[in-house]
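Peer 1: Before we start, here is the structure in question, set down as structure tokens.
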Amino acid sequence: MPEQSNAELPPLPYDYDALEPHISDQVLTWHHDTHHQGYVNGLNKAEETLAENRENGEFGSSGSAIRNVTHNGCGHYLHTLFWENMDPNGGGEPEGELADRIEEDFGSYEGWKGEFEAAAKNASGWALLVYDPVAKQLRNLVVDKHDQGALWGSHPILALDVWEHSYYYDYGPDRGDFIDNFFEVVDWDEVADQFENVSSRVE
Numbered sequence: 011m012p013e014q015s016n017a018e019l020p021p022l023p024y025d026y027d028a029l030e031p032h033i034s035d036q037v038l039t040w041h042h043d044t045h046h047q048g049y050v051n052g053l054n055k056a057e058e059t060l061a062e063n064r065e066n067g068e069f070g071s072s073g074s075a076i077r078n079v080t081h082n083g084c085g086h087y088l089h090t091l092f093w094e095n096m097d098p099n100g101g102g103e104p105e106g107e108l109a110d111r112i113e114e115d116f117g118s119y120e121g122w123k124g125e126f127e128a129a130a131k132n133a134s135g136w137a138l139l140v141y142d143p144v145a146k147q148l149r150n151l152v153v154d155k156h157d158q159g160a161l162w163g164s165h166p167i168l169a170l171d172v173w174e175h176s177y178y179y180d181y182g183p184d185r186g187d188f189i190d191n192f193f194e195v196v197d198w199d200e201v202a203d204q205f206e207n208v209s210s211r212v213e
């Protein structure tokens with residue numbers, strides 16, 4: 011049987027209390043160490059099931075395992091991007107090529123932000139800024155759970171987790187207040203790097 015390469019929980023790129031007062035130490039601890047770890051564990055378990063089924067030639071549980079790869083894999087990847095998209099010294103607005111592209115594709119930064127906030131308020135999972143390599147433009151997406159509403163081929167460059175575990179302890183039911191505070195810690199340099207990496211492949 012081919013050797014399995016297990017997914018691993020990446021460490022946070024900053025201390026657990028680094029994003030306070032916008033996101034608390036307690037929320038980051040629970041969110042990263044428990045929720046994100048759960049998706050990593052679920053992904054590895056599903057991959058192991060598929061490998062065993064291929065080796066044994068029995069595929070009765072493979073359909074559900076494939077679904078679990080999708081769900082947990084998307085949860086793992088999006089959480090990793092979410093951590094990377096934030097920084098204690100973040101905030102402000104994008105600059106350079108990313109700012110130009112946002113203005114080109116959305117009319118203005120304010121036009122993009124208003125639409126992204128609407129996505130975040132309506133999602134049962136994630137609001138994403140993605141690069142669509144087919145249309146060669148940026149788009150906002152509403153993604154429920156981790157994978158419902160994704161656009162084939164698109165590359166997320168900014169991810170905002172709006173599952174209740176990401177904000178309820180800090181903000182109660184006021185998701186809008188959490189969304190506002192997220193913009194205080196967005197690392198636009200990192201988002202710009204993500205954009206450059208994906209757009210340069212197709213443009």
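If you read the sequence shown in my numbering, its first letter stands for residue 11, the second for the next number, and so on.
Quick reminder that beta carbons are idealized off the backbone N, C-alpha and C, glycines included.
#1: DSSP on Tyr-24, reduced to helix/strand/coil?
#2: Let me see if you follow: with CB-CB separation under 9 Å, is Ala-129 close to chain C or not?
#3: State the DSSP-derived secondary structure class of Arg-64, mapped to helix, strand or coil.
#4: Can you tell me whether DSSP reads Trp-162 as helix, strand or coil?
#5: Quick check: what's the CA-CA separation for Glu-18 versus His-89?
#6: With the cut-off set at 9 Å, would you say Pro-20 and Trp-93 are in Cβ contact?
#7: With DSSP as the reference, identify every bridge partner of Gly-135, one or two as the case may be.
#8: For Asn-51, which option in Leu-91, Ala-75 and Val-201 has the closest C-alpha, if you only look at C-alpha atoms?
#9: Three-state secondary structure (DSSP) at Tyr-234?
#10: With Asn-78 and Ser-72 assumed to form a contact (beta carbons below 8 Å), what rounded beta-carbon distance in angstroms separates them?
#11: On the CB-based measure, 16 or more other CB atoms within 10 Å of its CB, does Ala-145 come out buried or exposed?
#12: Return the CA-CA distance between Val-153 and Glu-68, expressed in angstroms with no decimal places.
#13: In three-state terms, what does DSSP make of Ala-56?
Peer 2: Checking against the coordinates, here is how it stands:
#1: coil
#2: Note that chain C does not occur in the displayed structure, where there is just one protein chain.
#3: helix
#4: coil
#5: 12 Å
#6: yes
#7: Asp-154
#8: Ala-75
#9: The structure shown does not extend to residue 234, since the chain is modelled only from 11 through 213, so no value can be given for it.
#10: Incorrect: roughly 10 Å between the Cβ atoms, too far for contact.
#11: exposed
#12: 33 Å
#13: helix
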